[in-house]
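Comments concern the structure below.
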Amino acid sequence: MKIYLLIFVLGFFFGKNQVATFRFPESQTTPSPVEPQDQVLYVLPRSDRQAVLLRNITSSFDEMIILWMPDSPEHIEKNKEVHFYVNATIVDEVKSKLKESAITYTILVENTQSLIDQQTYNDTSGQRSTTSYYEQYHALEDMTGKEKTATHAIWIDCGIHAREWVSPAFCLWFVGHAVGFYGTDEYMTNLLKYIDFYILPVMNVDGYQYTWTTNRMWRKNRSKHPNSECYGTDLNRNFDAGWCGPGASRNPCHDTYCGPYPESEPEVAAVANFIRQHKDTIKGYITMHSYSQMVLFPYSYTKEKSKDHDELLRLANKVADGIRVKNRSRYASGAGADTIYLAPGGSDDWVYDLGIKYSFTIELRDKGTYGFLLPPNLIKPTCSEALTGIKIISAHIVKNI
Ligand code: ARG
Ligand code: ZN
């Protein structure tokens with residue numbers, strides 16, 4: 001059994017003083033109930049007019065409104081759920097705007113700060129040997145490891161998008177499970193005889209750090225762009241696969257900014273180089289995101305079917321069925337472009353076009369009840385169902401190599 005933990009340290013991104021002064025903000029205590037909290041609102045636009053209004057509202061309050069679903073305003077459409085995070089200072093204003101326009105909303109999450117506090121609270125006595133370690137979210141400095149070489153391997157990465165915390169939680173959990181239950185979990189023990197795993201627990205290290213210190217809703221990395229005041233590139237729009245076509249933005253201020261050129265970001269270049277160098281051993285690629293509960297495969301940069309569409313669809317359906325039967329959770333399955341939307345520059349498409357057929361994106365829990373603020377007690381069920389999925393994909397790969 002070999003499990004490699006990969007850590008990319010992007011040292012030059014951390015200004016010295018940032019490293020030296022890193023501390024949780026003092027204000028991280030739960031506000032008293034009278035103090036207004038940031039809220040997540042849910043709207044189902046009933047007409048094109050409402051969709052346009054929502055597009056305007058969600059793109060006009062710079063940083064004060066953060067779109068959770070879909071991930072860019074241009075994807076807001078009639079009869080498709082819209083979830084957005086509203087800063088406490090403008091909650092009332094936004095609600096009255098919606099009322100004025102006769103748009104009905106519901107509040108998805110009312111107590112965001114309490115959820116955030118719950119997620120950043122760590123039992124400091126928590127050891128990796130205790131299961132509770134894997135049922136908490138962990139800051140970057142809690143995770144470490146090193147790298148070697150393998151023969152047949154599956155790559156799993158987590159944390160491409162900073163705010164999708166359950167994703168890195170899954171990677172840690174997976175490693176803990178594989179190591180801790182080696183010999184006990186028969187299926188896993190067997191699997192590990194044939195295949196090695198490369199695990200990258202957090203691809204977007206700077207972004208993830210930023211969600212712990214400054215802005216819980218941050219998605220991109222933290223790179224600085226020469227002609228803009230805005231920070232960050234969407235790492236899942238920066239791979240060289242239909243780069244910056246429809247579904248990505250050329251504006252550095254947008255959440256789906258594709259970067260100045262493909263692989264411009266060190267995180268993406270590092271991953272792409274590693275996978276290029278190991279493309280003959282890496283037989284499967286799985287990238288973990290949240291949220292919306294989906295099993296996706298290429299393509300996302302085009303509506304065209306890939307040449308392996310039928311096989312990948314069968315396998316994705318099998319994963320969704322397996323999770324439904326074993327874990328009683330519902331996951332949708334399909335090619336990215338028809339299941340969610342066109343989203344070019346993604347890692348799964350790039351890996352697929354490199355020649356690694358079994359390439360999947362798994363969108364973990366939930367479907368919007370908590371969204372990115374999935375409480376820690378849901379880490380475990382989320383990880384067990386994801387593990388079900390990964391076992392099914394791995395078994396198929398082992399059979400086909
Ligand atoms: N929510 C993910 C994103 O927008 C979906 C990834 C699917 N794959 C892709 N290549 N876009 O990045
Ligand atoms: Zn994501």
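Heads up: the sequence shown is residues 1 to 401, going by this note's numbering. Cβ coordinates follow ideal geometry from the N, Cα and C atoms, glycine included.
As assigned by DSSP and simplified to three states, the class of residue i
i      : result
Thr339 : helix
Thr211 : helix
Ile160 : coil
Phe360 : strand
Lys2   : coil
Thr120 : helix
Gly259 : coil
Arg151 : According to the sequence as given, residue 151 is Thr; it is not Arg. If DSSP states are grouped into helix, strand and coil, Thr151 belongs with coil.
Ser47  : coil
Leu41  : strand
Trp173 : helix
Lys224 : strand
Asp196 : strand
Ile401 : coil
Val299 : The displayed chain sequence assigns Tyr, not Val, to residue 299. It is coil, neither helix nor strand.
Trp350 : helix
Ser264 : coil
Met188 : helix
Pro425 : Lying outside 1 to 401, the shown extent of the chain, residue 425 is not represented and no answer is given.
Tyr331 : coil
Leu53  : helix
Tyr370 : coil
Phe84  : strand
Same chain only: Cβ atoms within 7 angstroms of residue i, ignoring 5 sequence neighbours per side
i      : result
Ala241 : Tyr301, Pro344, Gly345, Gly346, Asp349, Trp350 and Asp353
Val175 : Ile3, Leu5 and Ile199
Ile323 : Ser329, Tyr331, Glu385, Thr388 and Gly389
Asn75  : The amino acid occupying residue 75 in the given sequence is His; Asn does not appear at that position. Taken in chain order, the residues that qualify are Tyr341.
Close-in-space but distant-in-sequence residues of the same chain around residue i (CB under 6 angstroms, 5 per side omitted)
i      : result
Leu342 : Pro246 and Gly247
Met106 : It should be pointed out that residue 106 corresponds to Thr in this sequence rather than to Met. So the list reads Tyr42, once near-sequence residues are dropped.
Gly284 : Ile154, Tyr358 and Ile397
Gly336 : Leu296 and Ser300
Ile286 : Ile156 and Phe360
Ala169 : Tyr137 and Ile379
Tyr121 : none
Ile66  : Tyr85 and Met217
Lys303 : Ala337
Residue environment, residue i, which counts as buried when at least 16 other CB atoms sit within 10 Å
i      : result
Phe372 : buried
Glu385 : buried
Ser27  : Because the pLDDT at Ser27 is just 34, under 50, the model does not fix this residue reliably, and the value given afterwards should be weighed accordingly. By the neighbour-count rule (16 or more Cβ atoms within 10 Å), Ser27 is not buried but exposed.
Gly355 : exposed
Asn236 : buried
Arg160 : According to the sequence displayed, residue 160 carries Ile and not Arg. Burial call: buried.
Thr89  : exposed
Gln277 : exposed
Glu267 : buried
Pro252 : buried
Lys220 : buried
Ala102 : exposed
Asn238 : buried
Ser132 : exposed
Asn204 : buried
Thr58  : buried
Thr214 : exposed
Glu265 : buried
Val166 : buried
Glu439 : Any property of residue 439 remains undetermined from this structure, which presents the chain solely from 1 to 401.
Arg46  : exposed
Presumed contact (8 angstroms Cβ cut-off) between residue i and residue j, rounded CB distance
i      : j      : result
Met294 : Ile156 : Not quite, the Cβ-Cβ distance comes to about 16 angstroms (not below 8 angstroms), so this is no contact.
Glu164 : Ser290 : 4 angstroms
Pro262 : Trp243 : 4 angstroms
Val91  : Gln39  : 5 angstroms
Ser249 : Thr233 : With a Cβ gap of about 10 angstroms, Ser249 and Thr233 do not count as contacting.
Thr281 : His83  : Going by Cβ atoms, the distance from Thr281 to His83 rounds to 39 angstroms, so no, they are not a contact pair.
Asn79  : Leu44  : 7 angstroms
Gly368 : Glu77  : Wrong, their Cβ atoms sit about 16 angstroms apart, outside the cutoff.
Tyr208 : Leu313 : Incorrect: roughly 32 angstroms between the Cβ atoms, too far for contact.
Thr211 : Ala162 : 5 angstroms
Val202 : Cys158 : 6 angstroms
Spatial neighbours of residue i in its chain, beta-carbon cut-off 8 angstroms, leaving aside the 5 residues before and after
i      : result
Pro381 : Asn327, Ser329 and Arg365
Tyr182 : Met1, Met188, Thr189 and Leu192
Ser394 : Ile154, Leu191, Ile195 and Gly284
Asn377 : Glu135
Ile392 : Leu315, Lys318, Val319 and Gly322
Thr256 : Asp71, Ser72, Asp234, Arg237, Gly247, Ala248, Ser249 and Ala343
Pro375 : Leu115, Gln118 and Gln119
> Taking a cut-off of 7 angstroms, which residues have a beta-carbon closer than that to any heavy atom of ligand 2, in chain order?
Replying inline: Ile160, His161, Glu164, Asn236, His289 and Ser290
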